[in-house]
Amino acid sequence: MLRPGQMPARRKAAFPPSVDEGTRLLILGSLPGDVSIKQGEYYAHRGNAFWALMGDVLGEDLRGQPYAMRLKRLKAWRVGLWDVIESADREGSLDSAIRGAELRDLGAFVERLPALEAVAFNGRTAALHGRRQIGERAGLALIDLPSSSGAFASMSRDAKRAAWMIVAPYIGE
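Going by the working numbering, the sequence shown opens with residue 1265, and the numbers climb by one from there.
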């Protein structure tokens, strides 16, 4: 039931995957936030540290590059992006507001990535849904990362950076 002045949640949909046959590391988020959806870009909100964190892992400035080049650089490092939720009702951008989530078939998806060695979950919601869908698979590392979202402020940027370095062995050749 809506409170006075409250707007109903809108159905929001995720983007297509940014992967190719060489993807070794797949990073899965939950569902793009409103700014990302509006701009049609993964992790577009200025307060989201994703591009800075991945830039630190890769040793290059991703934030300073145009979006298309960011995706191209990730692919060059054999890193793919996608989300665990296909669509959901959500007012605003917080994962805690997600309702009626339609989940992806991640189990079948990862089987179609022949070079895949690791799946990293960007935040608790992504890990919760993604681990359930993928399950344990021989030769596939599942890694839980602290959320890159600015809304996850209980961990410092430096602490997030240190935690994200765990994916470094899965990048490049």
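Even for Gly, the Cβ is constructed at its ideal location relative to N, Cα and C.
All values reported here derive from a predicted model rather than from experimental measurement.
Asked                                                                                                   : Found
One or two residues paired with PHE1385 in a DSSP bridge                                                : LEU1292 and ASP1408
Cβ neighbours of LEU1404 in the same chain (closer than 8 Å, five flanking residues each side left out) : VAL1374, LEU1380, GLU1381, ALA1382, VAL1383 and ILE1398
Own chain, CB closer than 7 Å to ARG1327, minus 5 neighbours either side, in chain order                : TRP1315, ALA1316 and GLY1319
Three CB pairs or more closer than 8 Å across the stretch 1339 to 1348 and the stretch 1277 to 1288     : yes
Cα-Cα separation between ALA1340 and ILE1435, rounded to whole angstroms                                : 9 Å
ALA1427 vs LEU1409 beta-carbon contact at 8 Å                                                           : yes
Whole-angstrom distance between GLU1305 and SER1294, CA atom to CA atom                                 : 14 Å
Residues bridged to ARG1363 (per DSSP)                                                                  : ASP1353
THR1287: CB within 7 Å of a non-hydrogen atom of the ligand GTP                                         : Inclusion of the ligand GTP in the displayed structure is not the case, the ligand content being empty and no account of it being possible.
Where TRP1428 falls: helix, strand or coil (DSSP)                                                       : helix
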